[in-house]
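In our numbering, the protein residues as written are 7 to 1013.
The structure under discussion appears below in the form of structure tokens.
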């Protein structure tokens, strides 16, 4: 094996990185366990404990704080971890009113009210409903008369048609939703929520937000529902502010020294505040730094020397220890100063007064909240952080903002913005074009003129949203007319984000929380525990089987599979991927693929040994001859994952990213790590056996007539699929609440320790299967049932509630009354029609792309057609089974979000399995291409030759799924069953469907 040194080096580096990344999960779990012990079940105390140590080192080896560690632990989705689910609705009625300048036209307002009422039961968007209602109420009415206002004159003329006005309204509505999406995204990032999932359904005015791990609803509601506040501020220069910052540093140092000196006193005497900066509290024009006296410059240079020495030693997170006591602020906030050639202190230009690492920003904020420090900051000054870190770093900048007027206000409010858009300047650089209304243009001209009054020191204007600085462009020239361009080193996305931010003032479409729920894991903790234990048991069974079947070589496969899982989890953690139930399905598929690669190699080695080759040569040739099959099957499956990731959404993407990463790690472990282990064992002179006596001749002389009986397979599959299609059209499926929604109730039980599993069993028994039960808060359960979900008559909710109370009353432990129900609502499906359509189109597109790849690799269109038919066949067979037997089997066959993951897993497995069979067929056809050779017989021999690999691979996956199905609990039983029958159908189709298609459509070509 060539390049062993490189492989070893890369394996060691990857292992170290994975250990480091996974260690964050261990540390975070330890801290959260301590929080549980401290809180004793009180969520408020738990939040207090975690907040109090958010910036404290909890990872001593690297001095990482809890916030840093938490953001890097294994990310779990709502279905596995629980958290908070919030639905925000953008108030488009407010937007339309604003665009009309609050027009009082009676018909206009009636149309708005009617559209609002229609929206409840309509699939159309709000703007379309409004225009339809207006034209219905006033057929000859002209919308241009309402919307052609002074502010909109660049977009709508008085003679514009209704369709032109409607297009404009659609555009503005889309912009408003995009702007709200951007703002909410930024707020959540600032809140420090790792793995938040924010979705913006197409053609919807709602934004769906999932915040795994968050347990404080009031805190999140305050964060999300606040009105966006866009403002423009004049700024101070760094040279003007540094004396203030230096003085603050001295105040903090004195205070800490006094507290340390006399800990017996309850409070140290406050240090006398003597501002070093001549900026008076109410001064409008700060003095320049040139007035700072010589003594202060010496003190600043002394500090500067400490900073430079500390940085020279490589301490980038804080200053050296001797600096931390004397200069506590500058230990966490690096001032932008340096020593000039003349030995004097120099200041970096611009309004940025310091930089701090993400982990140090909380310490800076804590210092700035000290009363003595607040008193030392002039009333006309505010210090605000940048909204994002510097490019490719974790360093944030602190800006000095100047307040103006008697009320210490911003220079200009954001509601003067008429439009803002992304553009490209003449040099090809990204920029943002901002257009203001007439009032704003006049004020803007005045502000920009003042900013560049000093030719030697042009000032900046800070763009601030929600007290975070998005940008602080320097003003080069006065800007009359209200049209400005903001340039800088923007990426396209950054420029578009800034344009959306600038529109926040112009398009005030408030975002309201229409639903918020603090939930436990949607699968239930009992189900998660059962699923985890059964998955581990299933994996153990597979590993024992590999050793039993392949003897000592099986132990190599075991080691390779374990290393693969370790690498997979490490990489998923390092990129911040969110692990959900679809991701778990992807891991199950990866286990199958990983085992499959080893089986392919071992079967090839056994063939080489049967030819009388030595062990070393047989191993080398086995890896060599198996390479083509392994690469083709894995590349085709990887392409499937890539397509699903690019074009899919939500659970589809979660599955896809797990699949793609798993394929890469599987190839590395199966082809390289396994080979290294074999080379080492051979060098040690070990006797490596690839079978036990009972398994050495399994399938060796198989000669089943697969090709001859292909029409029987056609008939079986055809009848089953047709029956399934008829069943789908007549009786449909058992849709879970993910697809149809349901009636939701928050129930507080009289008996303690009522489990979600107990309640789910009762509700499923009396109200039909497919219900969802989660923990809600600390003392309630959230029960969502689809019972009578399609009944739109009045009083349905009361009927459902009465049925729920009656059902729970059948068990004394769960018996409740109406007083136990704290709240109820009808909830929409979490899987919208758009997601279902997207999933279907994505799968179809994936099949087409894979078929194209197979055509390129196998050079015959019949192989592409066979793969396409087999993949569609497997998906249809699973769907048909779930429809035909939905009310027959003793467990639930629900179509829910997990089912989507199961179908995707089946497709991935089917493609992988089919390509391996095709590869052996191609090999046999190339060896037996004489005119006297019957292609049917050759293909049948090829299938029988690879039968051992096909069956062993299927068995290993089935073993895992069977254990999961039996012991995994009721909640995931339908999911594991879908995977189980899908793998069976996939194995069947690879042999009995895909191959016959090749034969019957390629009789002449194959010969």
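We put the beta carbon where it would ideally sit given N, CA and C, even for glycine.
Flag this pair as yes or no: are the beta carbons of residue 419 and residue 81 separated by less than 9 Å? The Cβ atoms of residue 419 and residue 81 lie no closer than 9 Å to each other.
Sorted by chain position, which residues of the same chain lie with C-beta nearer than 8 Å to residue 353's C-beta, five sequence neighbours on each side aside? The residues are 243, 244, 245, 248, 295, 342 and 343.
Could you pull out every unbroken beta strand (DSSP E) segment of at least 3 residues lying fully inside the stretch 780–826, listed in chain order? Fully enclosed beta strand (DSSP E) runs of 3 or longer: 786–791.
To which residues does DSSP link residue 95 through a beta bridge? DSSP, once it has assigned bridges, lists 212 and 518 as partnering residue 95.
Find the nearest neighbour of residue 721 within the set 998, 97 and 236, judged by alpha-carbon distance. Among 998, 97 and 236, the Cα nearest to that of residue 721 belongs to 998.
Are there three or more Cβ pairs, one per stretch, closer than 8 Å when the stretch 700–708 is compared with the stretch 853–872? No, the stretch 700–708 is not in contact with the stretch 853–872.
Curious, which full-length alpha helix (DSSP H) runs of at least 4 residues does the stretch 899–944 contain? Counting whole runs of 4 or more residues, the stretch 899–944 contains the alpha helix (DSSP H) stretches 903–933.
For residue 17, which of helix, strand or coil comes out of DSSP? Here residue 17 sits in helix by DSSP.
Scan the stretch 564–627 and note each continuous beta strand (DSSP E) run of 3 residues or more that stays entirely inside, going in chain order. Those beta strand (DSSP E) runs which fall completely within the stretch 564–627 and span 3+ residues do not exist here.
Go ahead and label residue 918 buried or exposed: buried means 16 or more other beta carbons lie within 10 angstroms of its beta carbon, across all protein chains shown. Buried, because 16 or more other Cβ atoms sit within 10 Å of the Cβ of residue 918.
Compute the distance between the beta-carbons of residue 814 and residue 875, then report whether it is under 9 Å. Result no, Cβ atoms of residue 814 and residue 875 do not sit closer than 9 Å.
Cβ-Cβ distance between residue 822 and residue 754 below 9 Å: Residue 822 is a Cβ neighbour of residue 754, given a cutoff of 9 Å.
For residue 406, which residues from the same chain have a beta carbon less than 7 Å from its beta carbon, with the 5 sequence-adjacent residues on both sides left out? Closer than 7 Å at the Cβ level, and outside the excluded window around residue 406, lie 241, 242, 247, 357, 359, 387 and 389.
What separation, rounded to the nearest whole angstrom, lies between the Cα atoms of residue 472 and residue 235? The alpha-carbon atoms of residue 472 and residue 235 are separated by roughly 5 Å.
From 48, 769, 966 and 54, pick the residue whose C-alpha is nearest to that of residue 548; which is it? The alpha carbon of residue 548 has as its nearest neighbour, out of 48, 769, 966 and 54, the alpha carbon of 966.
Limits of the unbroken alpha helix (DSSP H) element including residue 353: No alpha helix (DSSP H) holds residue 353; the beta strand (DSSP E) holding it covers 351–353.
Which parts of the stretch 699–739 are runs of the alpha helix (DSSP H), unbroken and 4 residues or longer, counting only runs that do not cross its ends? Qualifying alpha helix (DSSP H) stretches, in chain order: 716–736.
Taking only the alpha-carbon atoms, compute the straight-line gap between residue 267 and residue 378 and give it to the nearest angstrom. Approximately 19 Å, taken between the alpha carbons.
With three or more beta-carbon pairs closer than 8 Å as the criterion, would you say the stretch 985–993 touches the stretch 624–636? The stretch 985–993 vs the stretch 624–636: no contact.
Quick one: give me the first and last residue of the alpha helix (DSSP H) that residue 872 is part of. It spans 867–890 - the alpha helix (DSSP H) in which residue 872 sits, taken as one unbroken run.
Output the distance between the C-alpha atoms of residue 1002 and residue 752, rounded to the nearest integer angstrom. Cα to Cα, residue 1002 sits roughly 55 Å from residue 752.
Alpha carbon to alpha carbon, how far is residue 375 from residue 265? Give it in angstroms, no decimals. Rounded to the nearest angstrom, the two C-alpha atoms are 17 Å apart.
According to the Cβ coordinates, are residue 94 and residue 213 closer than 9 Å? It is a contact, given that the beta carbons lie within the stated cut-off.
Determine the closest residue to residue 660 out of 9, 144 and 908, with distance taken between C-alpha atoms. The shortest C-alpha to C-alpha distance from residue 660 to any of 9, 144 and 908 is the one to 908.
Own chain partners of residue 10 with C-beta closer than 6 Å, once the 5 adjacent residues on each side are dropped: Result list for residue 10: empty, nothing under 6 Å.
Should the stretch 638–653 be called in touch with the stretch 718–736, which here means at least 3 C-beta pairs below 8 Å? Verdict: no, contact absent.
Assuming residue 429 is part of the alpha helix (DSSP H), what are its boundary residues? Counting along the chain, residue 429 falls outside any alpha helix (DSSP H), though it belongs to the beta strand (DSSP E) covering 423–430.
Can you tell which of 466, 517 and 598 has the C-alpha that lies nearest to the C-alpha of residue 492? Considering only alpha carbons, the answer is 466.
Contact check, residue 871 vs residue 1007, beta carbons under 9 Å: Closer than 9 Å, so yes.
Do residue 174 and residue 408 count as a contact pair if the criterion is CB distance below 9 Å? Not a contact, by the Cβ cut-off of 9 Å.
Identify the continuous beta strand (DSSP E) that holds residue 344 and give its terminal residues. Where residue 344 is concerned, the enclosing beta strand (DSSP E) stretches over 343–345.
Under 9 Å, do residue 891 and residue 984 count as touching if we go by C-beta distance? At least 9 Å separates the beta-carbon of residue 891 from that of residue 984.
State buried or exposed for residue 36, treating a residue as buried only when at least 16 other CB atoms are found within 10 Å of its CB. By the neighbour-count definition (other C-beta atoms within 10 Å, threshold 16), residue 36 is an exposed residue.
Residue ranges of each alpha helix (DSSP H) run of no fewer than 4 residues wholly in the stretch 741–776, ordered along the chain? Whole alpha helix (DSSP H) segments, 4+ residues: 743–746 and 762–773.
Could you please give me the residues that DSSP links to residue 442 through a beta bridge? Answer is 423.
What is the DSSP secondary structure of residue 130, counted as helix, strand or coil? Three-state DSSP puts residue 130 in coil, outside helix and strand.
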